[in-house]
């Protein structure tokens, strides 16, 4: 999407800060781990302030059973921690506990334009062939809430998957338009951080479609709660083609299922796709799949075990999320108050 605004000149320096989040709708998958959680942990070790959020307010853009939403919010938090996020080194919380997200979202609803929202690919995908008028207003406008999630903390970097790039572009546009409208240099123009060989993990049954926790078939994905036996079985049954693995990366062209499995192996092993191809050049999938299954089980089973331990003590998860919310609010509230001042709101009761 082309930017509808022009950049503010001579921007000030903002403190480097990372923000990212995961929706708690449905269980966490291998795609969430490789595309998000694994990279979140790596960013935590780079010496930059890291803020991670379970975005439960995004989840209710479509109807959620309240008891299930609570369970899935805790499970997502457990997934963050089990994957290696340290709640003492990073801020980890659920979105609805920090009111600045909702309040700033309304300001951004008034900054963003209807045309920007209607061009969002995910909106068009989710309402394609359906009655768009029956979709919630939240589903249409949620990119403004996503912008608020990020800009409430003056975040400068957001680790995201390729499929979220357009929403990051919209966040940049909102920041630029706000700064231009009010003749301030207040919000940073955030940079997407899209790294790694498996930032978009594809379905085990269709290499042209993203692995999704909303897919009706559980065989399309690996869940972080799957047992070792289930993980191995799903990889053995993953769709492939009859050809052996090629001896060059170029040989994976037009072989989406093969490319997906090689990408997953590379991401889990920390190797490049070139290295994986060199190691398995000419191998049949009868050889490659067991090796991938062993690697996946070794990588994911410790996470599953730790998630199960954490989920046995929901009060402790709630305590961690509450502590993170207090720390997040301490950053976001002063920024929100400045937004209200910039936009002309009287806030004498807050002083």
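In my numbering, the protein residues as written are 63 to 413.
Glycine included, each C-beta is placed from N, C-alpha and C at the ideal position.
All values derive from a computational prediction rather than experimental measurement.
Helix, strand or coil at residue 264 [DSSP, three-state]
strand
Taking the beta strand (DSSP E) that residue 171 belongs to, which residues open and close that run?
Not the beta strand (DSSP E): residue 171 falls in the alpha helix (DSSP H), residues 162-173.
Does DSSP classify residue 302 as helix, strand or coil?
coil
Closer than 7 Å by C-beta to residue 174: which residues in its own chain qualify, once you throw out the five before and the five after it? Chain order, please.
206, 236
Counting C-beta neighbours from all protein chains within 10 Å, is the total for residue 193 16 or more, i.e. buried, or is it exposed?
exposed
Below 8 Å on the Cβ atoms is my guess for residue 272 versus residue 262; work out the distance and round it to an integer in Å.
6 Å
Distance cutoff 9 Å, beta carbons only. Does residue 108 sit that close to anything in chain C?
Although the question refers to chain C, the structure presented lacks it and comprises just one protein chain.
Nearest by alpha-carbon distance to residue 341: which of 348, 357, 314, 309 is it?
309
Whole angstroms are fine: how far does the CA of residue 145 sit from the CA of residue 91?
12 Å
Local Cβ density within 10 Å of residue 400, reported as buried at 16 or more and exposed below that:
exposed
Between the region 174-186 and the region 125-140, do three or more beta carbon pairs fall short of 8 Å?
no
With respect to the beta strand (DSSP E) encompassing residue 114, which residues constitute its N-terminal and C-terminal limits?
111-116
Looking only at its own chain, which residues have a Cβ that is under 7 Å from the Cβ of residue 183, when we skip the five neighbours before and after it?
228
Per DSSP, which residues does residue 221 bridge with? Please list them.
255
Expressed to the nearest angstrom, what Euclidean distance is found between the alpha-carbon atoms of residue 234 and residue 394?
18 Å
Run the CB neighbour count on residue 283, radius 10 Å, all protein chains shown included, and call it buried at 16 or more, exposed below.
buried
Helix, strand or coil for residue 245? Go by DSSP, reduced to three states.
coil
So, residue 106 versus residue 143, is the Cβ gap smaller than 9 Å?
no
Nearest candidate by alpha-carbon position, reference residue 94, set 315, 365, 344
365
Hey, how far is the Cα of residue 185 from the Cα of residue 170?
18 Å
So, do the region 293-303 and the region 349-356 have three or more beta carbon pairs nearer to each other than 8 Å?
yes
Determine the contact status of residue 287 and residue 347, defining contact as a CB-CB distance below 9 Å.
no
Can you tell me which of the three DSSP states residue 79 falls into?
strand
Sort out for me which residues DSSP pairs residue 272 with in a bridge.
264
Cα separation between residue 88 and residue 139?
13 Å
Residue 193 lies in the beta strand (DSSP E); which residues open and close that run?
Looking at the DSSP string, residue 193 is not in any beta strand (DSSP E), and its letter there is neither H nor E.
Could you have a look at residue 397 and say whether DSSP puts it in helix, strand or coil?
helix
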